[in-house]
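These notes concern the structure reproduced below.
Protein chains: 2
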Amino acid sequence: MTSAQIPEEPVGVPVRQLPPATVSRLTLYLRTLNGLLAEGIDRVSSESLAESAGVGSANVRKDLSYLGSYGTRGVGYEVGHLSRKIAQALGLTHEWRVAIVGAGNLGRALARYAGFESRGFDVVALLDADQMLVGTEIGWLRVSDADDLETVLAKTRANMVVLALPGGVAQSVCDRVVDAGISSILSFAPVPLSVPEDVNLRKVDMATELQILAYHAQRLQFPPLDQTGA
Amino acid sequence: MTSAQIPEEPVGVPVRQLPPATVSRLTLYLRTLNGLLAEGIDRVSSESLAESAGVGSANVRKDLSYLGSYGTRGVGYEVGHLSRKIAQALGLTHEWRVAIVGAGNLGRALARYAGFESRGFDVVALLDADQMLVGTEIGWLRVSDADDLETVLAKTRANMVVLALPGGVAQSVCDRVVDAGISSILSFAPVPLSVPEDVNLRKVDMATELQILAYHAQRLQFPPLDQTGA
DNA sequence: ACGTGTGAATAATTTCACAGCC
DNA sequence: GGCTGTGAAATTATTCACACGT
Chain D
559 MTSAQIPEEP VGVPVRQLPP ATVSRLTLYL RTLNGLLAEG IDRVSSESLA
609 ESAGVGSANV RKDLSYLGSY GTRGVGYEVG HLSRKIAQAL GLTHEWRVAI
659 VGAGNLGRAL ARYAGFESRG FDVVALLDAD QMLVGTEIGW LRVSDADDLE
709 TVLAKTRANM VVLALPGGVA QSVCDRVVDA GISSILSFAP VPLSVPEDVN
759 LRKVDMATEL QILAYHAQRL QFPPLDQTGA
Chain E
559 MTSAQIPEEP VGVPVRQLPP ATVSRLTLYL RTLNGLLAEG IDRVSSESLA
609 ESAGVGSANV RKDLSYLGSY GTRGVGYEVG HLSRKIAQAL GLTHEWRVAI
659 VGAGNLGRAL ARYAGFESRG FDVVALLDAD QMLVGTEIGW LRVSDADDLE
709 TVLAKTRANM VVLALPGGVA QSVCDRVVDA GISSILSFAP VPLSVPEDVN
759 LRKVDMATEL QILAYHAQRL QFPPLDQTGA
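These protein sequence lines are chains D and E, in that order.
If you read the first sequence in our numbering, its first letter stands for residue 559, the second for the next number, and so on.
If you read the second sequence in our numbering, its first letter stands for residue 559, the second for the next number, and so on.
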């Protein structure tokens with residue numbers, strides 16, 4: 559039983575707009591903090607947060623300062639408290655219901671990915687257009703028919719959608735998702751998608767990441783070749 | 559103590575180093591260009607590249623100018639040529655052999671992900687510690703025993719490794735991979751990893767992406783209560 | 001005309017360095 | 001002594017605006 563530590567601040571959302579670079583690092587800090595929590599460690603310095611996130615400690619302190627002054631000078635940060643503050647700033651105190659469209663390899667992997675549940679994202683639906691898959695159980699979900707997209711989204715009150723489908727159909731499904739009123743979309747489709755301005759679209763492309771690695775690897779492994787193109 | 563800092567490079571040769579932000583956008587342009595190629599479209603403007611990448615056109619032109627002047631004023635860029643130039647700049651003309659460690663849901667999804675092959679990455683091995691999986695066929699690969707990691711990496715001459723495994727074992731496997739001489743690692747493990755400085759590690763965390771979405775969604779749906787004092 | 005290429009201007013981000021508090 | 005919090009400086013990235021070639 560946790561004794562009364564820090565009085566829960568009556569949510570004031572004292573946070574203004576955070577710099578995008580800060581937002582993405584906050585998720586890294588949060589991950590580290592939750593790991594520390596699990597280990598029972600309750601204090602942490604900007605230095606060690608910095609190390610596990612791979613950034614400088616001044617950067618960490620600056621990021622955290624946007625949330626307010628939750629550290630103790632000469633001591634560090636209290637893990638539980640900081641974790642809660644970051645979660646709050648990121649909007650993770652709300653309930654996020656995620657529908658995954660596409661029950662192929664990736665969609666199935668995502669549907670069973672424990673990391674979602676454990677971090678406050680509730681996977682409420684898994685859809686696919688393939689009639690062979692519709693109705694089958696994957697993880698704890700039954701695959702719904704992608705034809706019923708709008709109905710399923712409404713019924714499950716999903717407020718986020720993950721697109722895990724082939725490039726060919728991504729844009730049309732994306733359009734339907736947008737029309738259904740979803741404004742937060744995470745796409746794993748390896749194609750550019752366009753959405754209205756008020757819709758938030760993030761893209762993850764595994765091959766892209768490998769390409770960036772390739773660029774750096776090339777620079778490490780191979781001497782600067784001179785290639786004056788024909 | 560590493561003192562690899564170069565205070566200033568008195569270059570006489572054109573600097574080959576690309577800004578990190580440019581490198582990641584180049585992968586987006588490349589994706590678009592390859593799509594255009596497939597459609598048989600052979601010219602493109604910075605404006606339309608910009609649109610599909612979601613950036614400004616001046617940004618595109620600046621990025622491309624680091625590679626040289628491959629556009630034609632008043633006309634645009636020749637799709638095939640530009641595609642090749644970008645691929646070359648990113649080091650995609652080399653042969654990249656990727657070993658995937660972890661044949662769980664995600665590892666399997668990655669092993670069968672067509673996007674790798676089609677973009678010049680050859681998946682040469684899939685490993686797992688689970689004896690139930692070792693020896694089974696996934697996609698066109700037979701799962702190798704993770705105990706034989708070093709041997710498999712050597713035999714397949716893998717030069718990149720993708721970690722698709724649970725957080726608990728990620729660091730130890732990562733260490734072994736590094737010891738085996740791999741210096742380009744893409745991790746999907748939802749934990750911070752530490753590697754020597756000369757090793758290139760990139761991290762993709764699906765939950766992280768959802769968290770960033772959550773932040774923006776929260777700001778859309780629950781407008782910041784404007785109460786600085788009132 | 002049109003759209004690239006690019007220096008110059010602006011904005012964002014990171015790093016420095018040190019005052020302030022425990 | 002140790003470590004946070006934060007203005008100021010440095011660095012990096014984006015945008016502007018227009019000259020230039022086709």
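Yeah, the Cβ is synthetic: ideal placement off N, Cα and C, and Gly gets one too.
- Item | chain E within 7 Å of residue 663(D), Cβ atoms only | yes
- Task: Select from the segment 738–758 of chain E all residues with a C-beta closer than 9 Å to any C-beta belonging to chain D, and list them in chain order.
- Result: 741, 742, 743, 744, 746, 748, 749, 750, 751, 752, 756 and 758
- Considering only residues of the segment 577–654 of chain D, which uninterrupted alpha helix (DSSP H) runs meet the minimum length of 4 residues and lie entirely inside it, listed in chain order? 578–597, 604–611, 615–623 and 637–648
- Distance, Cα to Cα, residue 650(E) vs residue 624(E)? 17 Å
- Query: From the beta carbon of residue 770(D), is the nearest beta carbon of chain E less than 7 Å away?
  - Reply: yes
- Going by Cα to Cα distance, which pick from 696(E), 608(E) and 662(E) is closest to residue 722(E)? 662(E)
- Query: Listed in chain order, which residues of the segment 579–611 of chain E have Cβ atoms closer than 9 Å to some Cβ of chain D?
  - Reply: 581, 582, 584, 585, 586, 588, 589, 590, 593, 609, 610 and 611
- Message: Contact defined as beta carbons within less than 8 Å: I believe residue 611(D) pairs with residue 590(D). What is the distance between those atoms, to the nearest angstrom?
- Response: 7 Å
- Paired residues, beta bridge with residue 676(E) - DSSP: Note: residue 676(E) sits in no beta bridge, so no partner.
- Contacts that residue 654(D) makes with chain E (C-beta to C-beta distance below 8 Å): 768, 772 and 775
- Answer with buried or exposed for residue 636(D), where buried requires no fewer than 16 other C-beta atoms within 10 angstroms of its C-beta. buried
- Message: Between 581(D), 765(D) and 580(D), which has its C-alpha nearest residue 679(E)'s C-alpha?
- Response: 765(D)
- Item | Runs of beta strand (DSSP E) wholly within the segment 687–756 of chain D (minimum 3 residues, chain order) | 699–703, 718–721 and 742–745
- Message: Under 7 Å, Cβ to Cβ, is there at least one residue of chain E near residue 649(D)?
- Response: yes
- Query: So, is residue 630(D) buried or exposed, given that buried needs 16 or more other C-beta atoms within 10 angstroms?
  - Reply: exposed
- So who's on the other strand from residue 683(E), going by DSSP bridges? 657(E)
- Item | At least 3 beta-carbon pairs within less than 8 Å: the segment 685–703 of chain E vs the segment 652–667 of chain E | yes
- C-beta contact flag for residue 711(E) and residue 729(E) at 7 Å: no
- Give every residue of the same chain whose Cβ lies closer than 8 Å to the Cβ of residue 642(D), excluding the five residues on either side of it in the sequence, and list them in chain order. none
- Comparing alpha-carbon positions, which option in 665(D), 675(D) and 670(D) lies nearest residue 671(E)? 665(D)
- Item | Against chain E: residues of the segment 671–690 of chain D by CB proximity under 9 Å | 671, 672, 673, 674, 676, 677, 678 and 679
- Task: Taking residue 685(E) and residue 669(E) to be in contact with their CB atoms under 8 Å, please state how far apart those CB atoms are, rounded to whole angstroms.
- Result: In fact, because the Cβ distance is near 10 Å, the residues do not count as touching under 8 Å.
- Task: State the Cα-Cα distance for the pair residue 742(D) and residue 724(D), rounded to the nearest angstrom.
- Result: 19 Å
- Message: Against residue 778(D), what residues of chain E qualify as contacts under a CB-to-CB distance less than 9 Å, listed in chain order?
- Response: 741, 742, 756 and 758
- Listed by chain order, chain D residues near residue 717(E) by CB distance under 9 Å: 775 and 779
- Message: Does residue 746(E) pass the burial test, meaning 16 or more other C-beta atoms within 10 Å, or should it be called exposed?
- Response: buried
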